[in-house]
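K.L.:
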Amino acid sequence: KRHGINRSVGFVVGLPGEDDEGVDLSIAMAKRVQPERLQFTRWTPLVGSPLYQEVQGHGFHSSVTKSESEQDEVDHAVNRMYKECGRGTLSENLKATRQKEAAPGHSG
Numbered sequence: 063k064r065h066g067i068n069r070s071v072g073f074v075v076g077l078p079g080e081d082d083e084g085v086d087l088s089i090a091m092a093k094r095v096q097p098e099r100l101q102f103t104r105w106t107p108l109v110g111s112p113l114y115q116e117v118q119g120h121g122f123h124s125s126v127t128k129s130e131s132e133q134d135e136v137d138h139a140v141n142r143m144y145k146e147c148g149r150g151t152l153s154e155n156l157k158a159t160r161q162k163e164a165a166p167g168h169s170g
């Protein structure tokens with residue numbers, strides 16, 4: 063950071079075996095590193111894959127197939143991570159990203 067290099071850190075949330083303790087550790091790391099860009103991405107198994115069958119209705123993935131209006135434990139974890147790191151909520155971050163992408167001159 064002091065050399066002018068912006069850091070970007072991404073976390074994948076909701077992998078099989080992850081629990082609240084893992085989420086807490088990820089939050090602590092993000093707070094410690096304080097990157098300029100921070101992203102929490104939901105892990106989603108491919109429908110019909112062995113991992114999909116394994117996590118369907120269990121643990122963090124209480125509802126793998128859901129409507130957009132529903133939130134499962136992974137969605138709540140992602141929102142908590144953004145909030146506790148002072149980055150708003152997932153929906154706020156998605157809205158900001160869409161606005162940037164729609165801006166004239168955006169190159170992706």
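Just add 62 to the spot in the sequence shown (first one is 1) and you have this note's numbering. C-beta: ideal position from N, C-alpha, C; glycine also.
1. Mind checking who Val26 pairs with in its DSSP beta bridge?
2. Which residue's Cα is closest to the Cα of Gln101: Gly167, Thr159 and Phe73?
3. When you compare the segment 73–86 with the segment 101–120, are there three or more beta-carbon pairs, one atom per stretch, that lie closer than 8 Å?
4. Tell me whether Gly148, by its Cβ, gets closer than 7 Å to a heavy atom of the ligand MN.
5. Over what stretch of residues does the alpha helix (DSSP H) that includes Val172 continue unbroken?
6. Going by beta-carbon coordinates alone, are Arg99 and Asn68 separated by less than 8 Å?
7. For Val85, which option in Arg160, His138 and Glu163 has the closest C-alpha, if you only look at C-alpha atoms?
8. In three-state terms, what does DSSP make of Leu77?
9. Can you give the Cα-Cα distance for Val95 and Gly167, rounded to whole angstroms?
P.N.:
On the basis of the coordinates in this document:
1. A question about residue 26 goes unanswered here, because the residues of the chain that appear run from 63 up to 170.
2. Phe73
3. yes
4. Absent from the structure shown: the ligand MN. Ligands present: none.
5. Residue 172 cannot be examined here, being either before or after the span of the chain that is shown, 63 to 170.
6. yes
7. His138
8. coil
9. 31 Å
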